[in-house]
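So the sequences go chain by chain: A and B. Residues in the first sequence are numbered consecutively from 191, following my numbering. Residues in the second sequence are numbered consecutively from 312, following my numbering. Just so you know, even glycine gets a beta-carbon here, dropped at the ideal spot from N, CA and C. Remember, it's a predicted structure, so these values are computed and weren't measured experimentally. To start, the structure itself, in structure tokens.
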Amino acid sequence: MSGRALAIVGKRSTVMPFLATGARVVYVRKGECVKTVEDLIEDGMKIIFFTEEFIDELSEILLKYRTQTLPCLIPIPSGRGKTRIAIERIRGVIKKAVGADIFLEER
Amino acid sequence: MKLDIPPTRMQLLYLKRRGSVARRGHKLLKDKQDELMRRILEFVYRIRELRLRIEEELRNAFAYFYFASSKQAPKATDEALLAVTKSIDVEYSAERILNLKIPKFTEKISGWSVGYGFLSTSGDLDLALLKIDQLISRLLELAEFEKTLELLATEIEKTRRRVNALEYILIPAIEETIKFINLKLSEIERGDLTRLMRVKEIVRSKL
């Protein structure tokens, strides 16, 4: 059931439906996300999706793997309301690179 | 700022060569920066649309899922999800944009996502799982695009620093030094000439 390519990390109630996709689903609580993700990367996971609420916790790891092609660490919306943190993150990346906020018109 | 180089004809030749290499490098890097910028803009719009769409669809799917789990016994949902026989594998290949390795993913799916009995589960669960299942290819696409964007962004940052260092530091410094050496050399030449004239005069007056 759990392949070695795709993992989804998040709170139990949020990521449980993803079991239907055949990806490896890992439940975490606040505070233990970093360790889990590091283990998954060591395991050879190519893509790791995590819910937006863990983005602050994982910021160091995100920075570390920024310049590498693999693994892909991608935040996904948690499905409850609009949290926008992931979009803010991309906006930050682009702002730093281009020097202008070209994501702006979306608001 | 002038470079710390002795003002000799050798060094002048060397600097002129270095200057032309620096200018060529600057032009190349500038072109690279423009191309990276064009690509990043392309990705920005695609990612924004994709993200908004995924957010919307995920919200939909979750709504169905919550409906389903509130309608049936909590154990029934767990059981239904345990019965999933589907397995997803991702094939990875790298594509090259400029000197960057861009990931490309293709999914390989086997098995079925609905492996439970329909008696103890609600119909909403089927819909929720179906929707999430359809979402996965889009999520893979998002992963691909966001990684590309990140890689492009770091590359742009690096390139911009290099372009600026060449344009505002190295090339002006080389030009200034070349000018300085030229002035110094002509000064030496003038000094030699006057010394020669003076010596000639002294020699002539003694004859």
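Just the chain B side, please: which residues come within less than 9 Å of residue i by C-beta, in chain order?
i	result
Ala-290/A	What Ala-290/A touches in chain B: nothing, since even the nearest Cβ is about 11 Å away.
Phe-212/A	Reading the sequence as shown, one finds Gly at residue 212/A and not Phe. Val-395, Thr-396, Lys-397, Ser-398, Ile-399, Asp-400, Ile-420, Ser-421, Gly-422, Ser-424, Asp-444, Ile-447, listed in chain order.
Phe-244/A	Under the 9 Å cutoff, chain B gives no residues; its nearest Cβ is about 16 Å from Phe-244/A.
Residues of chain B with a CB under 7 Å from the CB of residue i: which are they?
i	result
Phe-239/A	Leu-450
Leu-209/A	Leu-392, Val-395
Lys-236/A	Val-401, Tyr-403
What do you get for residue i, buried or exposed, if any count of 16 or more other CB atoms within 10 angstroms of its CB means buried?
i	result
Ala-379/B	buried
Phe-376/B	buried
Gly-289/A	exposed
Arg-297/A	Residue placement at Arg-297/A is poorly supported in this model, since its pLDDT is 48, which falls under 50; the coordinates still yield a value, given next. Its Cβ having fewer than 16 others within 10 Å, Arg-297/A is exposed.
Ile-499/B	exposed
Arg-362/B	buried
Val-401/B	buried
Lys-517/B	exposed
Asp-291/A	exposed
Met-312/B	exposed
Gly-434/B	exposed
Leu-339/B	exposed
Asp-444/B	buried
Ser-404/B	exposed
Ile-358/B	buried
Lys-458/B	buried
Ile-277/A	buried
Leu-507/B	exposed
I want to verify the contact list: residues of chain A whose CB lies under 8 Å from the CB of residue i, in sequence order.
i	result
Lys-382/B	What Lys-382/B touches in chain A: nothing, since even the nearest Cβ is about 15 Å away.
Ala-476/B	Residues of chain A passing the Cβ test: none, with the nearest at roughly 16 Å.
Lys-458/B	Thr-259, Cys-262, Ile-264
Counting only Cβ pairs nearer than 8 Å, list the residues of chain B close to residue i.
i	result
Ile-286/A	Here the sequence assigns Lys to residue 286/A, which means Ile is not the residue at that position. Ala-464, Glu-468, listed in chain order.
Ala-197/A	Those do not exist, as Ala-197/A stays about 11 Å from chain B at its closest Cβ, beyond 8 Å.
Which chain A residues are close to residue i, counting only those with a beta carbon under 7 Å from its beta carbon?
i	result
Pro-414/B	Thr-259, Leu-260, Cys-262
Leu-453/B	Ile-264
Glu-461/B	Arg-256, Val-283
Leu-326/B	Correct list: empty, because the minimum Cβ distance to chain A is about 32 Å.
Could you work out which residues of chain A lie near residue i, taking near to mean beta carbons separated by less than 9 Å?
i	result
Arg-439/B	Checking the sequence, you will find Ala at residue 439/B rather than Arg. Ordered by position in chain A, the residues that pass the 9 Å Cβ test against Ala-439/B are Pro-207, Ala-210.
What does residue i reach in chain E if we use C-beta pairs closer than 9 Å?
i	result
Leu-369/B	Absent from the structure: chain E. Protein chains present are A and B.
*asked:* So within the stretch 198-283 of chain A, which uninterrupted alpha helix (DSSP H) runs reach at least 4 residues, ignoring any that extend past its ends?
replied: Considered as a whole, the stretch 198-283 of chain A harbours 202-205, 223-232, 249-254 as its complete alpha helix (DSSP H) runs of no fewer than 4 residues, in chain order.
*Touch test, the stretch 361-371 of chain B against the stretch 410-419 of chain B, Cβ-Cβ under 8 Å, three pairs minimum*: no
*Is there contact between the stretch 257-264 of chain A and the stretch 452-467 of chain B, where contact requires at least three CB pairs shorter than 8 Å?*
yes
*Identify every run of the beta strand (DSSP E) within the stretch 408-436 of chain B, keeping only runs that are complete inside it and at least 3 residues long; order them along the chain.*
411-421
*Using a Cβ cut-off of 8 Å, which residues of the stretch 258-284 of chain A contact any Cβ in chain B, in chain order?*
Thr-259, Leu-260, Cys-262, Ile-264, Ile-266, Pro-267, Gly-269, Arg-270, Lys-272, Ala-276, Ile-277, Ile-280, Val-283, Ile-284
_Is it the case that the stretch 329-348 of chain B contacts the stretch 413-433 of chain B, given that we only count it when at least three CB pairs across the two stretches are under 8 Å?_
no
*asked:* Along the stretch 352-366 of chain B, where does the CB come closer than 9 Å to a CB of chain A? Name the residues.
replied: Leu-352, Val-355, Ile-358, Arg-359, Arg-362, Leu-363, Ile-365, Glu-366
*Check whether the stretch 196-210 of chain A touches the stretch 228-242 of chain A, counting contact only when three or more Cβ pairs, one atom from each stretch, lie closer than 8 Å.*
yes
*asked:* If contact is defined by three or more beta carbon pairs under 8 Å, each pair taking one atom from either stretch, is the stretch 279-287 of chain A in contact with the stretch 464-473 of chain B?
replied: yes
_With a threshold of 8 Å, are at least 3 pairs of Cβ atoms found where one atom belongs to the stretch 389-406 of chain B and the other to the stretch 207-223 of chain A?_
yes
*For the stretch 337-352 of chain B, enumerate the residues whose C-beta is nearer than 8 Å to any C-beta of chain A, in chain order.*
Met-348, Ile-351, Leu-352
*Between the stretch 246-256 of chain A and the stretch 218-235 of chain A, do three or more beta carbon pairs fall short of 8 Å?*
Touching, yes.
*Is the stretch 481-494 of chain B touching the stretch 436-444 of chain B in the sense that three or more CB pairs, one from each, lie closer than 8 Å?*
no
*Which runs of the alpha helix (DSSP H), 4 residues or longer, sit entirely within the stretch 378-407 of chain B?*
385-393
*Which residue spans inside the stretch 431-468 of chain B form an unbroken alpha helix (DSSP H) run of at least 4?*
none
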